[in-house]
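Have a look at the structure below, then the notes.
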Amino acid sequence: MNDKLMTSLLATLLLCGGCGSDDNDTEVPPVVTPPPVADSVDANEALAINLSLAEFDGASGALSFTLEDDAALAITNAKDYKITYFGFPAEGAASSNAKAWKRWHVTQSFECDSSAGECEGVLVESEKGTYSFEAPGLDWDQNTANGSVQQYKVAIEIKGAMANNEIVLLPST
Numbered sequence: 020m021n022d023k024l025m026t027s028l029l030a031t032l033l034l035c036g037g038c039g040s041d042d043n044d045t046e047v048p049p050v051v052t053p054p055p056v057a058d059s060v061d062a063n064e065a066l067a068i069n070l071s072l073a074e075f076d077g078a079s080g081a082l083s084f085t086l087e088d089d090a091a092l093a094i095t096n097a098k099d100y101k102i103t104y105f106g107f108p109a110e111g112a113a114s115s116n117a118k119a120w121k122r123w124h125v126t127q128s129f130e131c132d133s134s135a136g137e138c139e140g141v142l143v144e145s146e147k148g149t150y151s152f153e154a155p156g157l158d159w160d161q162n163t164a165n166g167s168v169q170q171y172k173v174a175i176e177i178k179g180a181m182a183n184n185e186i187v188l189l190p191s192t
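In this note's numbering, the protein residues as written are 20 to 192.
Written out as structure tokens, the structure is:
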């Protein structure tokens with residue numbers, strides 16, 4: 020009796036082993052790819068613009084800097100700017116012009132309004148959030164005596180649709 024019971028039990032298990040399965044066992048579930056983690060933000064979408072000066076050669080006006088937002092995302096596609104260069108005499112030097120202030124300076128500005136297509140200077144994004152600027156035509160002797168400008172500073176304003184950076188007067192490096 021045990022043999023008959025065991026045989027019928029095995030037959031039932033073999034028959035039910037195929038029960039409940041369908042013929043479509045080869046279907047692979049779809050692969051869900053998470054969206055890429057953002058490492059940059061467009062200048063016109065940034066809610067904050069933070070500028071870090073990397074290099075500034077006062078005599079030529081060449082400078083490089085990085086831009087990022089408050090979440091440390093690199094800011095790309097910056098196009099609108101106002102960059103103002105300041106030239107000062109050597110420390111302790113006074114002007115021989117009686118009408119000049121004791122501490123004089125000269126300035127030259129370069130601006131870009133990309134929507135109007137009017138840009139002075141050359142702003143280049145070398146990699147995400149890293150920029151260099153060249154100021155062709157920067158002439159320190161234009162409004163002062165030749166060679167009197169000895170110290171250099173720059174103020175850089177990057178303009179986005181929703182934010183601008185804080186303008187700070189930065190010395191040459």
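Every residue, glycine too, gets a C-beta built ideally from N, C-alpha and C.
Rounded to whole angstroms, what is the Cα-Cα separation between SER151 and VAL50?
For the purposes of this step, residue 151 is identified with residue 132 of the sequence shown, where counting begins at 1. For the purposes of this step, residue 50 is identified with residue 31 of the sequence shown, where counting begins at 1. Just so you know, the alpha carbons of SER151 and VAL50 end up roughly 42 Å apart.
Taking ILE68 and GLY179 to be in contact with their CB atoms under 8 Å, please state how far apart those CB atoms are, rounded to whole angstroms.
On the sequence shown, position 49 is the one that residue 68 refers to. On the sequence shown, position 160 is the one that residue 179 refers to. Taking C-beta atoms under 8 Å as the contact rule, ILE68 and GLY179 qualify, at a distance of about 6 Å.
Cβ neighbour criterion (16 or more within 10 Å) applied to GLU87
Residue mapping note: residue 87 aligns to position 68 of the sequence shown, counting from 1. Answer is buried; the Cβ neighbour count reaches 16.
Per DSSP, which one or two residues make a beta bridge with PRO49?
For the purposes of this step, residue 49 is taken as the residue at position 30 of the sequence shown. According to DSSP, which records beta bridges pairwise, PRO49 is partnered with nothing at all.
Suppose the cutoff is 6 Å on Cβ atoms and the five residues either side in sequence are ignored; what does the same chain contact list for ASN184 look like?
In the sequence shown, residue 184 corresponds to position 165, counting from 1. Cβ-Cβ distances below 6 Å link ASN184 to ILE68, LEU70, ILE177 in the same chain, with the five nearest sequence neighbours on each side left out; the list follows chain order.
Can you tell me where the beta strand (DSSP E) with GLN170 in it begins and where it stops?
Walking along the sequence shown from the start, residue 170 turns up at place 151. GLN170 -> beta strand (DSSP E) spans 170-178.
What is the DSSP secondary structure of GLN161, reduced to helix, strand or coil?
By 1-based counting over the sequence shown, the position of residue 161 is 142. Coil.
Pull the bridge partners of SER167 from the DSSP assignment, please.
Taking the sequence shown and counting its residues from 1, one reaches residue 167 at position 148. For SER167, which the question treats as bridged, DSSP gives no partner whatsoever.
Of all the options TYR104, LEU72, ASP58, which has the alpha carbon lying nearest to the alpha carbon of ALA154?
Here residue 154 refers to the residue found at position 135 of the sequence shown. Comparing alpha carbon positions, the residue from TYR104, LEU72, ASP58 closest to ALA154 is TYR104.
Backbone CA spacing between GLN169 and ASP89 [nearest angstrom]:
Your numbering for residue 169 matches position 150 in the sequence shown. Your numbering for residue 89 matches position 70 in the sequence shown. Between GLN169 and ASP89, the C-alpha separation is close to 35 Å.
By the 10 Å Cβ neighbour count, where 16 or more other Cβ atoms means buried, how is THR95 classified, buried or exposed?
For this step, residue 95 is matched to residue 76 along the sequence shown. Buried is the label assigned to THR95, since at least 16 other Cβ atoms lie within 10 Å of its Cβ.
Beta-carbon proximity list for GLY166, same chain, < 8 Å, skipping 5 on both sides
On the sequence shown, position 147 is the one that residue 166 refers to. Cβ within range, chain order: ASP160.
Could you tell me which residues DSSP pairs with GLU130 in its beta bridges?
Along the sequence shown, one-based indexing puts residue 130 at 111. Within the DSSP secondary-structure output, GLU130 pairs in a beta bridge with LYS101.
For THR192, which three-state DSSP category applies?
The residue you call residue 192 lines up with position 173 of the sequence shown. In the three-state reduction of the DSSP assignment, THR192 falls in the coil class.
Check the DSSP bridge columns for LEU92 and list the partner residues they point to.
Locating residue 92 in the sequence shown gives position 73, where the first residue counts as 1. Answer by DSSP bridge pairing: none, since LEU92 is not bridged.
For THR52 and SER128, the rounded distance between their alpha carbons
Residue 128 sits at position 109 when you count from the first residue of the sequence shown. Residue 52 sits at position 33 when you count from the first residue of the sequence shown. Going from the Cα of SER128 to the Cα of THR52 covers about 48 Å.
Inspect the beta-carbon positions of GLY106 and TYR171 and report whether they are closer than 7 Å.
Position 87 of the sequence shown, counted from the start, is the residue given in the question as residue 106. Position 152 of the sequence shown, counted from the start, is the residue given in the question as residue 171. A contact, by the Cβ cut-off of 7 Å.
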